[in-house]
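A.B. asks: In full-length UniProt numbering, the protein residues as written are 1 to 421.
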Amino acid sequence: MPVPVPGSPAAEPVNASALIRNDAGQYLMHLRDHLPGLIREPGAWSLLGGGREPEDRSLEETVRRELREEAGLDLPVLEPYAVEIATGTDGSPVPVAVYSGRWNGDPARLTLTEGVMLHWFAPEVLPRLRLSRSTLDLVLRHAAEAGGAARSGEPSPTRTAAAPPPPLPSVLAVHAHPDDESLFSGGVLAQHAAAGARTAVVTATWAEGTHRAEELAQALEILGAGPPRLLGYADAKVPESAPGRPRFLDAPLDEAVGAVVAHIRAVRPQVVIAPDPYGGMTGHPDHVHAHRVTALAVRASGLARLYPEAGEPWQPSALYLATHPRSAAEVVGARLGRQGLPVDAFLVSDDAWITTTVDVTPWLPRKLAAILAHRSEVVRGAAPGRIAALSPDDRHRALSTEWYIRQDLALRGAPDTALRA
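#1: Could you tell me whether the stretch 293 to 305 touches the stretch 252 to 270, where touching means 3 or more Cβ pairs closer than 8 Å?
#2: Within this structure, are the beta carbons of A176 and P243 separated by less than 8 Å?
#3: Under 8 Å between the Cβ atoms of E215 and A373?
#4: Go to P93, then tell me how far its beta strand (DSSP E) extends in each direction, as first and last residue.
#5: Is it buried or exposed for residue 423, if we count other Cβ within 10 angstroms and need 16 for buried?
#6: For S46, count neighbouring C-beta atoms within 10 Å of its own C-beta (all shown protein chains included) and say buried if the count is 16 or more, exposed if not.
#7: DSSP on F121, reduced to helix/strand/coil?
#8: Return helix, strand or coil for D350, following the three-state DSSP convention.
#9: Below 8 Å, can you find three or more Cβ-Cβ pairs linking the stretch 347 to 357 to the stretch 276 to 283?
#10: If you draw a straight line from the alpha carbon of T111 to that of G72, how long is it in whole angstroms?
#11: In whole angstroms, what is the alpha-carbon distance linking G7 and D74?
#12: Cα separation between V125 and R133?
#13: CB L168 to CB A318, shorter than 8 Å?
#14: Measure the alpha-carbon distance for R420 versus W206 and round it to whole angstroms.
#15: By the three-class DSSP mapping on this structure, what secondary structure does Q339 have?
#16: Pick out whichever of R380, R65 and E402 has its Cα sitting closest to the Cα of P54.
#17: Looking only at C-alpha atoms, which of P246, H211, V188 and L249 sits nearest to G224?
#18: Quick check: the Cα distance between L306 and L296, rounded to an integer number of angstroms?
#19: Taking only three categories from DSSP, how would you classify residue 422?
#20: Locate the beta strand (DSSP E) running through A195, then write down its first and last residues.
#21: Measure the beta-carbon distance from S170 to R198 and round it to whole angstroms, keeping in mind my assumption that it falls under 8 Å.
#22: Could you tell me whether the Cβ atoms of L78 and I371 are closer together than 8 Å?
#23: Could you give the distance in angstroms between the alpha-carbon of V271 and the alpha-carbon of P316?
#24: Exposed or buried, what is R68 when buried is set at 16 or more other beta-carbons lying within 10 Å of its beta-carbon?
#25: For A274, decide whether its Cβ has a neighbour in chain C, counting only Cβ atoms nearer than 8 Å.
#26: Going by DSSP, what residue range makes up the beta strand (DSSP E) through R406?
#27: Would the beta-carbon of R265 fall within 8 Å of that of E312?
#28: In three-state DSSP terms, what is residue 423?
#29: Tell me whether the beta-carbon of L118 lies closer than 8 Å to the beta-carbon of P392.
#30: Under three-state DSSP, which class holds R32?
#31: Give me the Cα-Cα distance between A329 and A251, rounded to the nearest whole angstrom.
#32: Note down, one range per segment and in chain order, each alpha helix (DSSP H) of at least 4 residues found wholly within the stretch 358 to 397.
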């Protein structure tokens, strides 16, 4: 029978969800699989729950069964809270009975059988995530009733609102292959895009119309980094990645630098991101060459006499080299399929070289979804595939921090371009 909520829709719900809150005022959110047409809200954050089965005697039994099956979670108390209207896979309205409960555990320790991950989020973080408007409104309403902020960004009445931080700088990331942008700098790209900063990505290899280019477009949409900017060269190890074009490694250096200069002058970013000189732990020759080309391009872009055909000169303020410190080599490397290798086998940077460490936990869901959008790499067991096979806890350990080495390019007095945790 339907949950007795005054003012609920006339249609009887056949779905139930759990609105779970902890004592810190955070809400447990579930990142759904990206399966358009097969499930509601594909690739979005939502509440745990599902449809009623014939053996369920009530919708409370439905939500309890779903919690056990999806996450091995059994809450002592679940109370009817509301009936909300969601949108089905065919676009039709779907009434969903929502039950509220309290839990203070670690979601990384749960056994998740559906979806990608579970994570606690404070209400003020939710507007940055990909989730339906109805779910966002539901959680914020519950938070307000429970004593939290009713709207994102609304200061507590007992506190003085802090001064807003300076705006995040615009960013252009230059990487060798589709998926590098998500693996090495996906958190920072999502962070800056969510803050409204201009964000873009240049990818050196794979041509338009290839399956990797299509996957890249989906990943960049998730990150909010605009459409792909492809140089169109061939991958060093995959000639068919750009039929009729030279390998990135074999292309004339002046030509490749000029192509990156053109994108820098078009985007006019304050910050450029590139791989470190070692090629990002793996030492892939395309990664190393992307570093070499970008390091030359960020200097040449500001000089009017160089590459005049590439647009008006523009000097970025800083170059950030995406890297991994030696102290993280064992933790990250072991979780990405290089178990058993000594630390010296990893191509990493000395810890003393690291200038910027960014905790990208709030943007980890987008970073992870972008990585998994590279489906062909997941299937063949490359880095995205190894990440897909990790537990939520190991994914967090491997992906929630990004490290950079900053190289200043502009004169004193330039705008603040610091990446921030």
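Quick reminder that beta carbons are idealized off the backbone N, C-alpha and C, glycines included.
C.D. replies: Reading it off the structure:
#1: Because the criterion of three Cβ pairs below 8 Å is met, the stretch 293 to 305 and the stretch 252 to 270 touch.
#2: In terms of Cβ geometry, A176 and P243 do not form a close pair [threshold 8 Å].
#3: Yes; because the gap between Cβ atoms is below 8 Å, this pair is in contact.
#4: Membership of P93 in the beta strand (DSSP E) is indicated by the continuous run P93 to R102.
#5: With the chain represented from 1 up to 421, any question about residue 423 goes unanswered, as that position is not in the structure.
#6: Counting C-beta atoms within 10 angstroms of its own C-beta, S46 has 16 or more neighbours from the protein chains shown and is therefore classed as buried.
#7: It is a strand residue.
#8: Here D350 sits in coil by DSSP.
#9: Of all C-beta pairs linking the stretch 347 to 357 to the stretch 276 to 283, three or more are shorter than 8 Å, placing the two stretches in contact.
#10: Going from the Cα of T111 to the Cα of G72 covers about 6 Å.
#11: Here the model assigns G7 a pLDDT of 38, short of 50, so the residue's position is not dependable, and the following value carries that caveat. Answer to the nearest angstrom: the Cα atoms are 29 Å apart.
#12: Approximately 14 Å between the Cα atoms of the pair.
#13: By the CB criterion at 8 Å, L168 and A318 fall outside the cutoff.
#14: So the alpha carbons of these two residues sit roughly 32 Å apart.
#15: Reliability fails at Q339, whose pLDDT of 45 lies under 50, so the model's placement of it is uncertain and the value that follows must be treated cautiously. Residue state, collapsed to three classes: coil.
#16: In terms of CA proximity to P54, R65 leads the group R380, R65 and E402.
#17: Of P246, H211, V188 and L249, the residue nearest in Cα terms is V188.
#18: Approximately 11 Å, taken between the alpha carbons.
#19: Since the first residue shown for the chain is 1 and the last is 421, residue 422 is missing from the structure and cannot be characterised.
#20: First-last for A195: undefined, no H or E at that position.
#21: A Cβ-Cβ distance of about 4 Å is found for the pair S170 and R198, placing them in contact under the 8 Å criterion.
#22: In this structure, I371 does not lie closer than 8 Å to L78 by Cβ.
#23: A direct Cα-Cα distance of roughly 6 Å separates V271 from P316.
#24: Classification for R68: exposed.
#25: Of the protein chains in the structure, only one exists, and it is not chain C.
#26: Per DSSP, R406 belongs to the beta strand (DSSP E) from T401 to D408.
#27: Remark: C-beta atoms of R265 and E312 approach each other more closely than 8 Å.
#28: Residue 423 cannot be examined here, being either before or after the span of the chain that is shown, 1 to 421.
#29: Taking 8 Å as the Cβ cut-off, L118 and P392 qualify as a contacting pair.
#30: In the three-state reduction of the DSSP assignment, R32 falls in the coil class, being assigned neither a helical nor a strand state.
#31: For the pair A329 and A251, the Cα-to-Cα distance works out to about 32 Å.
#32: Whole alpha helix (DSSP H) segments, 4+ residues: 364 to 372, 375 to 379 and 383 to 388.
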